[in-house]
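Asker:
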Amino acid sequence: MKTLKPLFFAFAIVMFLTSALQSRIINVSVSSNFFSPANINNAVVGDTIKWNWVSGFHTTTCDGQTFTSRPAGAAPWNSTISSSNPTFSYVIQIAGTYNYICEPHAPSMAGIITATLSSVSQINEIATGFHLSQNFPNPFNPATKIRFSIPEASEVTLKIFDANGRELAELVNERLNSAAYEAEWNAGDFSTGVYYYRLSVIGTSDNYTETKKMLLIK
């Protein structure tokens, strides 16, 4: 059993590094009477929200008082943001909507964070390069799966568009490690027609964008 310990610790380290690569730090500037950005709608569980002081005396507060709310089970926070305490970080652990305020300037100075569970999962394939596969099944009703691979840690977005180019959904918007992945889109609320999905990748050494067409038949 002793020989298994090095393997266990090596596995734990790999999992920790993978998790760190997939999470992001989302910065919020705090100045005058506003947070910037005030609305964060692309956070995922595991991301860190970091408030950064620019000017004035403020707080970032989400502790159940008036004008604040958070998902059930999420930890509250209340921190001063000032020249003497210029940053505060909060790790999103639970999906949902967080409404927070600056106490001295509420309710006009407020922010919203919308966090979701990542819709992408890693699959057992070797990533030899940037690649976006045709969705399957295709045609589909109502759900379809989209696979892609990236050869290096990258910032990745995967979006769905209608035939007029209007964005309908954002399946992925996060930093991912080198691997092959699979995301699912459920088009239960949409009508029969042609749709498009676009993968955009900003890598360490290269960028990649590709768009493919799919058909929903109900």
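The working numbering numbers the first residue of the sequence shown as 218 and each following residue consecutively. Cβ coordinates follow ideal geometry from the N, Cα and C atoms, glycine included.
1. According to DSSP, is Glu369 part of a helix, a strand, or is it coil?
2. Closer than 8 Å is the cut-off here; do at least three beta carbon pairs connect the stretch 357-372 with the stretch 392-408?
3. So, at 6 Å on beta carbons, what are the nonlocal neighbours of Arg287 in its own chain, with the 5 sequence-adjacent residues on each side left out?
4. Residue range of the beta strand (DSSP E) that Glu320 falls in?
5. Could I get the ranges of all uninterrupted beta strand (DSSP E) runs contained in the stretch 392-426, with 3 residues as the minimum, in chain order?
6. Rounded to the nearest angstrom, what separates Gly346 and Asp423 at their Cα positions?
7. Comparing alpha-carbon positions, which option in Ser325, Tyr317, Asn269 lies nearest Ser306?
8. Tell me which residues share the same chain as Tyr425 and place their Cβ nearer than 6 Å to its Cβ, disregarding the 5 neighbours each side in the sequence.
9. Counting beta carbon pairs with one atom in the stretch 240-251 and one in the stretch 263-277, are three or more of them shorter than 8 Å?
10. Shortest alpha-carbon distance to Ile329 belongs to which of Asn358, Ile266, Lys430, Gly290?
11. So if DSSP puts Ala386 in a beta bridge, which residue, or which two residues, is it bridged to?
12. Suppose you measure from the CA of Ser272 to the CA of Arg383; what does that come to, to the nearest Å?
13. Lys435 by DSSP, collapsed to three states: which one?
14. Here's the rule: buried if 16 or more other CB atoms are within 10 angstroms of the residue's CB, otherwise exposed. What is Ala258?
15. Enumerate in chain order the residues of its own chain whose CB-to-CB distance from Ala360 is below 8 Å, with the five nearest sequence positions on each side excluded.
16. Helix, strand or coil, according to DSSP, for Gly263 in the structure here?
17. Which residues does DSSP pair with Gln339 in a beta bridge?
18. Please report how far the alpha carbon of Ser371 lies from the alpha carbon of Ala292, in whole angstroms.
Answerer: So, from the listed chains and residues:
1. Correct three-state label for Glu369: coil.
2. Note that the stretch 357-372 touches the stretch 392-408; at least 3 beta-carbon pairs, one per stretch, sit closer than 8 Å.
3. The beta carbon of Arg287 sits closer than 6 Å to the beta carbons of Cys279, Tyr315 from its chain, once the five residues preceding and following it are set aside; these are given in chain order.
4. Per DSSP, Glu320 lies in no beta strand (DSSP E) and is assigned neither H nor E.
5. For the stretch 392-426, whole beta strand (DSSP E) runs of length 3 or above, ordered along the chain, are 396-403, 410-420.
6. Distance between Gly346 and Asp423, taken at the CA atoms: about 11 Å.
7. By alpha-carbon distance to Ser306, the top candidate from Ser325, Tyr317, Asn269 is Asn269.
8. Closer than 6 Å at Cβ, skipping near neighbours: Phe347, Val418.
9. Contact holds: three or more Cβ-Cβ distances are below 8 Å.
10. Of Asn358, Ile266, Lys430, Gly290, the residue nearest in Cα terms is Ile266.
11. Note: Ala386 sits in a beta bridge opposite Ile377.
12. Ser272 and Arg383 have their C-alpha atoms spaced approximately 38 Å apart.
13. The answer is coil: DSSP assigns Lys435 none of H, G, I, E or B.
14. Per the sequence shown, the amino acid found at residue 258 is Asn instead of Ala. It counts as exposed.
15. Taken in chain order, the residues that qualify are Glu401, Trp402, Asn403, Ala404, Gly405.
16. DSSP places Gly263 in coil when its eight states are reduced to three.
17. Under DSSP, Gln339 shares a beta bridge with Tyr398.
18. Rounded to whole angstroms, the gap between the alpha carbons of Ser371 and Ala292 is 30 Å.
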